[in-house]
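The sequence shown begins at 70 in this note's numbering and counts up one residue at a time. Glycine included, every Cβ here is placed at the ideal spot set by N, Cα and C. Small disclaimer: the values here were computed from a predicted structure and weren't measured. The structure under discussion appears below in the form of structure tokens.
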Amino acid sequence: MLPKEEAERLVPGATMAKASRDSDYTVNFTCNWQNRRISYGEFWRSREIDVRIEQHKGEAAKTGRSMAQSSYEIDYRGAKYGATAKPSLDPDEKQYVSPVKDVTGVGEGAFAQYTWRRDGKLLWYSYGEAHARVGDMTIQVKFQAGQQRKDAQILSNESTKSITEENAIREVSGLIAHFAKGAAAWQAQHPGVLAQPDQAQVTQTPTARATPSPTVLAAFPPACQAVTETATGLVPGPTTRARGTESGNDDQTECRWLNLDLPGEAGNVRIRSALITTHHFTNRAGDADEGAAKSFYASEYGGDKNTAKSSIGGITWGELRDVDGLGDQAYSQFVQTRQGEVSASSGTVTVRLGALVVRVDYSGAERPKGEPENSPKVKLMAQKEAQDGALTLARAYLAELAGQPVGS
């Protein structure tokens, strides 16, 4: 009933689920399109369409059509009451319910309404809802949409924006028209027939994109080659590696300097690693795409912000610190890891420069000779050494990039 292109416009990349069941008074059909994590510039968008169609059965002298009309009138009166009711709200709660708007030319009666609600610092949402009657069927459609900055605090309504009344009423009015038209067409083809529920629920998930495999590069990219002296000052006598990956509009390069067997204090073994990952964003024409870089940077910042100053399963994340005078945007973080095969700490600097996003990691640890790399006796690199090293390498690398065209 809903054209594919319309579903994709309203809920891009949606997971679609549908179900049906037979009850004592109705045969119920539900459909849901949902995507709660749509990347849009520096925001995460959330979209959902929820549809419920009920075919009413006759009861005693009342026909299914009469039962559907009674149900529709109850919904209409309830919506009218909701628009004027004054519910008891807590001081940090706010709610607005719009007047009912009749939707003309749809079925044998249709209306739409808008609801906006904010609950403290956690919830902030709004949606449009529409109802219609077509013969012995009633239709309910709900469309909810909102967005929040990618760097917003998790589990909060910080920077949240939700759909406006005008847009919500417009979209649900269009949606209810689609489904009413489809219901009328089905009834015309099956006069007097009671629909049968499907045997099983169906969920359709968008096909996941294959994760591209990195390709080993024959030589270091020029900017990496230019900071070799700085990198080897942090990681003496390293084994080096350069890799490249193309993922949609993101052309990635990775340069690494690694030494797993450096001499430490009192005969200990020391590990040092420096890693530079560069994301170069382009649009379909192949031109530098600064907007995509801003979006990616905001995603990285938001993800790191939401784990900052916390510990989970052997990983401890430090606070985020903005770094002034480096690229267009930059921040740093210190992370300690005692999980998996290698225990180490790392300083990380993430920078955006035009259409480039660069992540520089400097990590290390020290352990008694003969002990495994994840031994409880491993001594993690100190925070100052890790963060100073990452920042030194980041400044050297950005200085090289600054000599190239921005976004190149």
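Limits of the beta strand (DSSP E) - the one that residue i falls within
i: His200; result: 192–203
i: Leu344; result: 338–350
i: Arg146; result: Premise fails: Arg146 lies in the alpha helix (DSSP H), 133–153, not in any beta strand (DSSP E).
i: Leu327; result: 319–332
i: Leu303; result: Careful: Leu303 lies outside any beta strand (DSSP E), inside the alpha helix (DSSP H) at 297–303.
Per-residue burial, residue i [other beta carbons within 10 Å of its own, 16 or more giving buried]
i: Ser477; result: The predicted model places Ser477 with a pLDDT of 38, which falls under 50 and marks its position as unreliable; any figure quoted below should be read in that light. Exposed: under 16 other Cβ atoms inside 10 Å.
i: Ala459; result: buried
i: Ser92; result: exposed
i: Pro307; result: buried
i: Val80; result: buried
i: Gly197; result: buried
i: Ser379; result: exposed
i: Asp267; result: exposed
i: Ile143; result: exposed
i: Pro291; result: exposed
i: Glu369; result: buried
i: Pro474; result: Because the pLDDT at Pro474 is just 45, under 50, the model does not fix this residue reliably, and the value given afterwards should be weighed accordingly. So Pro474 ends up on the exposed side.
i: Gly439; result: exposed
i: Lys155; result: exposed
i: Arg353; result: exposed
i: Tyr150; result: exposed
i: Ala465; result: buried
i: Lys111; result: Sequence inspection shows Glu at residue 111; the Lys mentioned does not correspond to that position. Glu111 should be labelled buried.
i: Tyr109; result: exposed
i: Gly396; result: buried
i: Glu235; result: exposed
i: Lys374; result: buried
i: Ala201; result: buried
Those residues which DSSP pairs with residue i across a bridge
i: Phe365; result: According to DSSP, Phe365 bridges with nothing at all.
i: Ile384; result: Ile381, Thr406
i: Met85; result: Trp102, Gln273
i: Ser115; result: Gly215
i: Glu128; result: Lys131
i: Glu77; result: Looking at the DSSP assignment, Glu77 forms no beta bridge with any residue, so it has no partner.
Short Cβ contact (7 Å threshold) for residue i with residue j
i: Gln402; j: Leu422; result: no
i: Lys219; j: Trp113; result: yes
i: Tyr400; j: Val411; result: no
i: Gly176; j: Val210; result: no
i: Thr95; j: Arg121; result: no
i: Glu435; j: Gly355; result: no
i: Ile232; j: Ala199; result: no
i: Gln216; j: Lys230; result: yes
i: Gly433; j: Gln408; result: no
i: Ala343; j: Trp326; result: yes
i: Ser242; j: Val166; result: no
i: Arg428; j: Thr322; result: no
i: Ala264; j: Asp205; result: no
The alpha helix (DSSP H) enclosing residue i, as first and last residue numbers
i: Phe479; result: There is no way to answer for residue 479, as the model of the chain reaches only from 70 to 477.
i: Thr229; result: No alpha helix (DSSP H) contains Thr229, which DSSP labels as neither H nor E.
i: Trp93; result: Sequence check: residue 93 is Asp here, not Trp. Element bounds for Asp93: n/a, residue is neither H nor E.
i: Arg464; result: 452–471
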